[in-house]
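In the UniProt record's numbering, the protein residues as written are 1 to 313.
Think of the CB as a built atom: it goes at the ideal place given N, C-alpha and C, for glycine as much as any other residue.
Keep in mind it's a predicted model, so treat the numbers as computed, not measured.
Below: one structure, written as structure tokens.
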Amino acid sequence: YFQAITVIDAARRRQEYQEKKVRAKKMIALLRIRLTMRERNYLTASVLISPSQSPWSVMFARQDDSAFMVTVSLPVREYVLLAAFARHYEVKSGPGKRGRPPRLQNKNNVLACLLHFYTAAVEAKTLCELFGVSPATLSRVLKNAEKALGYALREVPAARISWPLFCEQKRWAASVTLKEPLIRGCFCVADGKNYAVRAPTASDLQNAYFNGWLHAVKVTGVLCYGFDGTLIWGRHNFPGSWNDGEMSRRLQARLADCARTLSSGCCATDSAFPVSNEMTGKIITPLKDGDLEKASPSCRPGLIVMSNAITAI
Numbered sequence: 001y002f003q004a005i006t007v008i009d010a011a012r013r014r015q016e017y018q019e020k021k022v023r024a025k026k027m028i029a030l031l032r033i034r035l036t037m038r039e040r041n042y043l044t045a046s047v048l049i050s051p052s053q054s055p056w057s058v059m060f061a062r063q064d065d066s067a068f069m070v071t072v073s074l075p076v077r078e079y080v081l082l083a084a085f086a087r088h089y090e091v092k093s094g095p096g097k098r099g100r101p102p103r104l105q106n107k108n109n110v111l112a113c114l115l116h117f118y119t120a121a122v123e124a125k126t127l128c129e130l131f132g133v134s135p136a137t138l139s140r141v142l143k144n145a146e147k148a149l150g151y152a153l154r155e156v157p158a159a160r161i162s163w164p165l166f167c168e169q170k171r172w173a174a175s176v177t178l179k180e181p182l183i184r185g186c187f188c189v190a191d192g193k194n195y196a197v198r199a200p201t202a203s204d205l206q207n208a209y210f211n212g213w214l215h216a217v218k219v220t221g222v223l224c225y226g227f228d229g230t231l232i233w234g235r236h237n238f239p240g241s242w243n244d245g246e247m248s249r250r251l252q253a254r255l256a257d258c259a260r261t262l263s264s265g266c267c268a269t270d271s272a273f274p275v276s277n278e279m280t281g282k283i284i285t286p287l288k289d290g291d292l293e294k295a296s297p298s299c300r301p302g303l304i305v306m307s308n309a310i311t312a313i
């Protein structure tokens, strides 16, 4: 009896195995057939909304500050950038001109599309849907609009990044002291960002180039802001990692220059910002790990309070 059951069970398993092989062969065959069928799914102008009826066109007509800030990160009064942009962005075809009319004939829509591309984390297909353009048109428009925006920003005084005057430094430092009385002379903050542009295949070799900190090729930048939110200094595309002294060397030189910075002026950064010994007092940072243990017990309460004040600003 048991021998018969064993034989039947073995036969059932062989049959199930054969059925699985047949199903697998069918699936492989179907996949091969599917791969031979070439099809492209993409957005076309015929299925998209007209740019003149796009959501941005409606928002622009309403002139609402909140909608402008969400979409293009500029209030209505600062959207005068459009006038400078329009002088440099050329619509090569259109009514009365030779060639196929462009999908985006309104330069206002072009600028809004570019600013939304810069300031919002959206995919290209979302921009196509919002502004009513096909992917190919979007790529071409963004490329030409970036060049025009670069020329336009040179004509707008408010877009210029400049180091503040002594009077502005004093005013910003006073506002900080009003909030945190322990902080004197601090008129700006600095921070850096690392943007991955390529992931290397050999992470061990990459670690050797970047001192063991980063596993990807990075584009590193340092930005310095005044306490009214104005960008007063910036550098982009530094080589090396965030812990390298080269990242802050130029900013330290600017802070140490008595002709540009108040003698009592200083900059607040995070604890990872590289600071040389010569810049003690010019760049203030919160306590790093292990700093508190190095100080005498009597100084520790004051250091903690000062570190918390720097973090608060």
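(message) Less than 8 Å between the C-beta atoms of Y151 and H88, yes or no?
(response) yes
(request) Mind checking which residues open and close the beta strand (DSSP E) that includes A268? (result) C266 to A268
(message) Classify G192: buried if its beta carbon has 16 or more other beta carbons within 10 angstroms, exposed otherwise.
(response) Counting other Cβ atoms within 10 Å of its Cβ, G192 reaches 16 or more and is therefore classed as buried.
(message) Using a Cβ distance threshold of 8 Å, determine whether the segment 54-65 contacts the segment 135-155, with at least three qualifying pairs required.
(response) Because the criterion of three Cβ pairs below 8 Å is not met, the segment 54-65 and the segment 135-155 do not touch.
(request) Measure the C-alpha to C-alpha separation of C188 and K179 and round it to an integer number of angstroms. (result) 14 Å
(request) Alpha carbon to alpha carbon, how far is L287 from L303? Give it in angstroms, no decimals. (result) 8 Å
(request) Counting only the same chain and skipping the five closest in sequence on each side, list residues whose C-beta sits under 6 Å from that of L111. (result) L82 and F85
(request) Would you grab the beta carbon distance between P51 and N109 for me? Rounded to a whole angstrom, and I think it's under 8 Å. (result) For P51 against N109, the beta-carbon gap comes to about 5 Å, under 8 Å, which counts as contact.
(message) If I measure Cβ to Cβ from G212 and keep anything under 8 Å in the same chain, skipping five residues before and after, which residues do I get?
(response) Residue placement at G212 is poorly supported in this model, since its pLDDT is 48, which falls under 50; the coordinates still yield a value, given next. Nothing listed; no residue qualifies.
(message) Restricting to Cα atoms, I'd like to know which of V222, C186 and L255 is closest to I313.
(response) The candidate whose alpha carbon is nearest that of I313 is C186.
(message) So the candidates are A10, V122 and A174; which of them puts its Cα closest to the Cα of S264?
(response) A174
(message) Helix, strand or coil, according to DSSP, for G212 in the structure here?
(response) With a pLDDT of 48 at G212, under the threshold of 50, the modelled position of this residue cannot be trusted; read the value that follows with caution. Of the three classes helix, strand and coil, the one that applies to G212 here is coil, per DSSP.
(message) Going residue by residue through the segment 20-67, where are the continuous alpha helix (DSSP H) segments of at least 4 residues, counting only ones entirely within it?
(response) The qualifying runs are 55-62.
(request) Say whether the segment 164-173 touches the segment 289-298, bearing in mind that this needs 3 or more beta-carbon pairs closer than 8 Å, one atom from each stretch. (result) no
(request) Measure the C-alpha to C-alpha separation of T311 and D270 and round it to an integer number of angstroms. (result) 8 Å
(request) Report the partner residues of R235 according to the DSSP bridge assignment. (result) V222
(request) Express the C-alpha separation of Q63 and T261 in angstroms, rounding to a whole number. (result) If you take the alpha carbons of T261 and Q63, they lie about 40 Å apart.
(request) In the DSSP assignment, find the unbroken alpha helix (DSSP H) run with Q169 in it and report its ends. (result) F166 to K179
(message) Let me make sure I understand the geometry here. Which of A121, R154 and T230 has the alpha-carbon closest to that of L165?
(response) T230
(request) Flag this pair as yes or no: are the beta carbons of H116 and L104 separated by less than 8 Å? (result) It is not a contact, given that the beta carbons lie outside the stated cut-off.
(request) Provide the residue(s) that pair with W194 in DSSP beta bridges, ordered along the chain. (result) The amino acid at residue 194 is misidentified as Trp; the sequence shows Asn. The secondary-structure analysis by DSSP pairs N194 across a beta bridge with T220.
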